[in-house]
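Engineer: Below is one structure. I have some questions about it.
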Amino acid sequence: MTLEVGVLGYRFMGKAHANALSRLSMFFPDAPDIERSVLVGRDEAALSDAADRLGFESIATDWETVVDDVDVFYNLGPNHVHAEPSIAALEAGTPVFCEKPLAPTLEDAERMADVADEAGVPNGTAFNYRFVPAIQHAKGLLEAGELGEIHHVRGRYLQDWLVDPEAPWSWRNDAKMAGSGALGDLGAHTVDLLRFLVGDDDLAGEMERVSGHLKTFVDERPVESETPAESRGNEDGEAVEHDEMRAVTVDDAYSAQVEFENGAMGTLEASRFATGHKNDHTIEIHGSKGSLRFSLERLNELEVLRADENRGYETVLVTDESDPYVDHWWPPGHVLGWEHTFVHENYEFLSAVAADDTFEPSFADGLAAQRVLAAIEASDERGEWVSIN
Ligand code: SOE
């Protein structure tokens, strides 16, 4: 059976997922057969051009006609269009894969996760960094107890694309469309990765309470009439006037302290103002028997320190065919990159759809991350620690 995939969104994330979909049969021969069936957006001309480039059979400007017509629905639009199309698809019994953060608000994320639960069809939140081979390797070490009891967990996601006050406004700067700024866009990844790595009950457990701080450094930005396909900009294709300034209503950066269920301490941070850092996501974990470090900028490596060996951090090269997913690509040592994480997550999600199985990270995982983000925001507003419930 061939799965007909409908995709809403055709810029940055549309391209990343279309690339993944086009690689599947080439590198993952056991993946289900899929057809890039229909690409959904608002601007017909841009959509048609994108459909040609990204290999889609057809286009549609109204998602309502698509969601129950396809076998799988991908929601890769800006955050404010995550809820309604995803809910409609799930209600029609169509499996949904949705970009992160699951929604701009906790309320929307709750509605989405509730409907996903009732629908009982495969659903996924696109936290692609779970599918980095080195991260899966780290999870294996943690699950095997090789780091012992977890005491410290640190997650930092640094970018700098807004440090220039003239950098253009986009939906990512707007609270109604994005929900939050660096917090939701980058912090969601960190929170999810930490839940994935140490969230099990015998490790740190879930995050229990947080103390957060949010900061907006530049409160208005110029808008541009055209947004290049590669930018992080106006993915809904909205036309705007030159020289117009628009308010920035989200955070440019956040930091948070976290207490985990089992007593571990965490610190989280993300910024779009970290000069010189383009896409620098770092995770550090310290346990009673050892420590580990991962950096997205060196994603084929994992640094592991074992207390009983007294050799400091040693670099594990996660490029052998025995490493997760690597056997599907090139001979040992031929490194993987950012785009491979999308291929891996698409492979896992579509395999779950074909088998009518559950997939993780699900909408429930998207909601769990959103609860942490909402608590960080509430803590910043109230100036006190906030429990996550
Ligand atoms: C933002 O700059 C962004 O593109 C995020 O939206 C992605 O989720 C992240 O993977 C890279 O940075």
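All you need for the working numbering is the position in the sequence shown, starting with 1, plus 118. Where is the CB? At the ideal position from N, CA and C, for every residue including glycine.
#1: In the DSSP output, which residue or residues are listed as bridge partners for Asn-246?
#2: Is the distance from the Cβ of Arg-390 to the Cβ of Asp-361 below 8 Å?
#3: Report the option in Asp-292, Ser-298 and Thr-212 whose CA atom is closest to the CA atom of Asp-189.
#4: I'd like to know whether the C-beta atoms of Val-199 and Gly-299 end up nearer to each other than 8 Å.
#5: For Tyr-128 and Ala-164, what's the separation of their Cα atoms in angstroms?
#6: May I ask you to check if the CB of Asn-137 is nearer than 7 Å to at least one heavy atom of the ligand SOE?
#7: Using CA coordinates, which residue listed in Glu-478, Glu-495, Leu-312 and Val-434 is at the minimum distance from Glu-421?
#8: Measuring CB to CB, does Thr-459 end up less than 8 Å from Val-250?
#9: Does Ala-134 pass the burial test, meaning 16 or more other C-beta atoms within 10 Å, or should it be called exposed?
#10: Can you say whether Trp-448 is buried or exposed, counting buried as having 16 or more other CB atoms within 10 angstroms of its CB?
#11: With three or more beta-carbon pairs closer than 8 Å as the criterion, would you say the segment 483–496 touches the segment 213–223?
#12: Do you know how far the Cα of Glu-162 is from the Cα of Gly-381?
#13: Regarding Asp-369 and the ligand SOE, is the C-beta to nearest heavy atom distance less than 7 Å?
#14: Let me know if Trp-181 comes out buried or exposed under the rule of 16 or more other beta-carbons within 10 Å of its beta-carbon.
#15: Pro-283 CB to nearest chain C CB: under 8 Å?
#16: Could you check if His-307 belongs to the surroundings of the ligand SOE, using beta carbon to heavy atom distance under 7 Å?
Structural biologist: Reading off the structure:
#1: Taking the first residue of the sequence shown as 1, we reach residue 246 at position 128. Paired residue(s): none; Asn-246 is not in a bridge.
#2: Position 272 of the sequence shown, counted from the first residue, corresponds to residue 390. Position 243 of the sequence shown, counted from the first residue, corresponds to residue 361. Not a contact, by the Cβ cut-off of 8 Å.
#3: Residue 189 sits at position 71 when you count from the first residue of the sequence shown. The shortest Cα separation from Asp-189 among Asp-292, Ser-298 and Thr-212 belongs to Thr-212.
#4: By 1-based counting over the sequence shown, the position of residue 199 is 81. By 1-based counting over the sequence shown, the position of residue 299 is 181. No, they are not a contact pair.
#5: Mapped onto the sequence shown, residue 128 falls at position 10. Mapped onto the sequence shown, residue 164 falls at position 46. If you take the alpha carbons of Tyr-128 and Ala-164, they lie about 9 Å apart.
#6: The residue given as residue 137 occupies position 19 in the sequence shown. No, the Cβ of Asn-137 stays beyond 7 Å of every heavy atom of the ligand SOE.
#7: Residue 421 sits at position 303 when you count from the first residue of the sequence shown. Comparing Cα-Cα distances from Glu-421 to each of Glu-478, Glu-495, Leu-312 and Val-434, the minimum goes to Val-434.
#8: Position 341 of the sequence shown holds residue 459. Position 132 of the sequence shown holds residue 250. In contact: Thr-459 and Val-250 (Cβ atoms closer than 8 Å).
#9: Counting from 1 along the sequence shown, the entry for residue 134 is found at position 16. Ala-134 is buried by the Cβ-count criterion.
#10: Along the sequence shown, read from residue 1 onward, the residue named residue 448 stands at position 330. Exposed, since its Cβ has fewer than 16 Cβ neighbours within 10 Å.
#11: yes
#12: The residue you call residue 381 lines up with position 263 of the sequence shown. The residue you call residue 162 lines up with position 44 of the sequence shown. So the two alpha carbons sit approximately 53 Å from each other.
#13: Taking the first residue of the sequence shown as position 1, residue 369 is located at position 251. For the ligand SOE, not one heavy atom lies less than 7 Å from the Cβ of Asp-369.
#14: Residue numbering aside, residue 181 sits at position 63 when the sequence shown is read from its first letter. Its Cβ being crowded by 16 or more others within 10 Å, Trp-181 is buried.
#15: Among the protein chains of the structure shown there is no chain C, as only one such chain exists.
#16: Translated into the one-based positions of the sequence shown, residue 307 becomes position 189. His-307 has its Cβ nearer than 7 Å to a heavy atom of the ligand SOE.
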